């Protein structure tokens, strides 16, 4: 059956760069380990399984450079192996403990398979999960794009040099990792402003994404709304996020993830279990923390955590099937309604954080697989398409200038600029301004190896200080002290290194320590921050 | 209100950032010399932040603040669009312009659906509540 419309699924995979070689069990490194086990491995497994069955997934994945660096980091891979091994050891004990409780036993066995699958996939690729993603892209099964170097919210970087540095470092990082130039760019938090058009185009990107209400304030009429791509005056392709398909997946109130049968995220063995029993699996600080073994289901809206009932993986999977059917029925209705009113086939662009699938919404990867599989098996008149494929085959898109917007709360930049986090910006700008000044001063000079290393590390520290994650964590009050410490440390590291280069007194030992800890963008050249870039 | 726990290099800086269709965020720092002028009362402690339209430089609004506050939220002027900020201090009865900001564009307000599922925060709601 011929397609009545196209679906574009974009999964934005990102974590802030967290690497603490000084600590064998650093709390925030668990973000990475949990996401690998619950999100990245299950999604890669889904994509590989579909591809092996001849069902082309056709999804787009944005992999942030900081996440890419963590996925390729050998020290983190070593810790990840220990993490998974530790969980499997705990699961063995849990199997014993659950012997007389069949409902619990079923869920513990389910977790055993989850962690064994993670261990097997990591073993298959020698710990490097970029390898299967690269292979999937090479085989034309998926499209991989990038985002700003450290997930900086670009409209909050006032200096053009800072925006260019974020884009240049990201483009170079992508090319090194995936052996090709990136075509697409995910704007962190979907945060768009028109001045980014030229920077994106000059950095070699062909297209990006905006929030749906960016079209409301476009300088010209957009009769096709979010159902068609657009282009800017300088030829940058634009895809607008579809609100309806986003709401069904994202919303905890209206969306599928709130189903009573699905796994409850906030109840975890790490808080429920006997302390002495769990002590070997907690960090060196001994503080209770989530251990990833969550045995309960959502049960009901507003239900007290203590009143949650046991999770039943089979019942949850039945709901996944129902939700995938509902999701596709709604997309069919959207395409039919649009075709009826406009006479053309629409494009529906659905963008999600990848970590929503699996980590937050445990059943998300199964949902993704069910949606893709159903289109094929049920011969639905919908097709998955990637942005490059769509732009290559569609008519010349309409030219527009979208309005300033983001996909965050309230639609603009409030979560990243408010009384809980605004104090960080003077530090970020102090580092950024000094980095730009110093890059301009030294860009054409012959530098000693030590000075060049210090300048390059200062550039890494400056980029890391600009990450949107610190402001967001401060806003939600989660790991706030850690976030504050990271901004302050990166900004201070950058300023100190730059002063040391200017004063010709670089502390090599301290520099080496920073190079080991904050080792993103190994080939970064500080000149990306120069006012007239060499790139 | 949270603050940085490390001192910043003393430099002159005025930065204007967009927050939402109704609000700009502005922050400022002073070099040692300028800060001394406030400490020694050469300048009055109250400063004035003036917004102007970036395209034609016409004045848009002005707002008082204490020099040590370091940051403020300013309403976006009626016309919206691109604005610039300038920081003025009072010396011997005359206002002196000390700092100028970058231009910043205020977003135009869009009609957002009430049930809009905004990303990134949805699954942190329980943490916040």
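Protein chains in written order, with the numbering used here: chain A, 6 to 540; chain B, 23 to 151.
The C-beta atom is built at its ideal place from N, Cα and C for all residues, glycine as well.
Here the structure is a predicted model, which is why all the values come from computation and not from measurement.
Going by DSSP in three states, residue 42(B) sits in which element: helix, strand or coil?
strand
Are the region 415-428 of chain A and the region 234-243 of chain A touching, with three or more C-beta to C-beta distances below 8 Å?
no
What residues from the region 423-441 of chain A come within 9 Å of chain B, judged by C-beta to C-beta, listed N to C?
423, 424, 425, 426, 427, 428, 429, 430, 431, 432, 434, 435, 438 and 439
Residue 178(A) to residue 70(A), Cα distance in whole Å?
7 Å
Any contact between the region 459-467 of chain A and the region 398-411 of chain A? By contact I mean 3 or more CB pairs, one from each, below 8 Å.
no
Which word fits residue 150(B), buried or exposed, when buried means at least 16 other C-beta atoms lie within 10 angstroms of its C-beta?
No answer about residue 150(B) holds up, because its pLDDT of 37 lies below 50 and its placement is not dependable.
Closer than 8 Å, CB to CB, is residue 98(B) near chain A or not?
no
Rounded to the nearest angstrom, what separates residue 363(A) and residue 43(A) at their Cα positions?
Rounded to whole angstroms, residue 363(A) to residue 43(A) spans 5 Å at the Cα level.
Cβ of residue 180(A) within 8 Å of any chain B Cβ
So, not an interface residue.
Please say whether residue 15(A) and residue 183(A) have beta carbons closer to each other than 8 Å?
no
Residue 253(A) (DSSP reduced to helix, strand or coil):
helix
Going by DSSP, what residue range makes up the beta strand (DSSP E) through residue 81(B)?
81-88
At a CB-CB cut-off below 8 Å, which residues of chain B make contact with residue 45(A)?
Those within 8 Å of residue 45(A) in chain B number zero; the least Cβ separation is about 17 Å.
With the cut-off set at 8 Å, would you say residue 444(A) and residue 496(A) are in Cβ contact?
no
Mapping the DSSP letters down to three states, classify residue 391(A) as helix, strand or coil.
coil
Could I get the ranges of all uninterrupted beta strand (DSSP E) runs contained in the region 378-456 of chain A, with 3 residues as the minimum, in chain order?
387-389
Does the region 8-26 of chain A come within contact of the region 350-362 of chain A, defined as at least 3 CB pairs closer than 8 Å?
yes
Whose Cβ in chain B lies nearer than 9 Å to the Cβ of residue 418(A)?
39, 40, 41, 42, 47 and 129
Please name the residues in the region 160-190 of chain A whose beta-carbon is closer than 8 Å to at least one beta-carbon of chain B, in chain order.
Correct list: 160, 161, 163 and 164.
Kindly indicate if chain B contains any beta-carbon less than 8 Å away from that of residue 12(A).
no
Classify residue 537(A): buried if its beta carbon has 16 or more other beta carbons within 10 angstroms, exposed otherwise.
exposed
Flag this pair as yes or no: are the beta carbons of residue 60(A) and residue 377(A) separated by less than 8 Å?
yes
Please state whether DSSP places residue 75(A) in a helix, a strand or coil.
helix
Pick out whichever of 438(A), 132(A) and 166(A) has its Cα sitting closest to the Cα of residue 45(A).
132(A)
My understanding is that residue 97(B) touches residue 44(B), with C-beta atoms under 8 Å, so please give their C-beta distance in whole angstroms.
Confirmed, about 6 Å.
Does DSSP put residue 154(A) in a helix, a strand or coil?
The three-state secondary structure of residue 154(A), taken from DSSP, is coil.
Give me the Cβ distance between residue 34(A) and residue 23(A), rounded to the nearest whole Å; I'm assuming they're in contact under 8 Å.
5 Å
Just by C-beta distance, which residues in the region 482-516 of chain A are closer than 9 Å to chain B?
482, 483, 485, 489, 490, 492, 493, 494, 496, 497, 500 and 504
Where residue 529(A) falls, given that 16 or more other Cβ within 10 Å makes a residue buried
buried
Can you pull the chain A residues whose beta carbon is under 7 Å from the beta carbon of residue 51(B), in chain order?
Ordered by position in chain A, the residues that pass the 7 Å Cβ test against residue 51(B) are 431.
In chain B, which residues lie less than 8 Å from residue 410(A) when you measure between Cβ atoms?
129 and 132
Using DSSP with H/G/I as helix, E/B as strand and the rest coil, what is residue 57(A)?
helix
Following the continuous alpha helix (DSSP H) through residue 492(A), name the residue where it begins and the one where it ends.
485-507
Is there at least one Cβ from chain B nearer than 8 Å to residue 540(A)'s Cβ?
Here the model assigns residue 540(A) a pLDDT of 45, short of 50, so the residue's position is not dependable and the matter cannot be decided.
Would a check of beta-carbon distances place residue 106(A) closer than 8 Å to chain B?
no
Beta-ladder partner(s) of residue 235(A), from DSSP
243(A) and 403(A)
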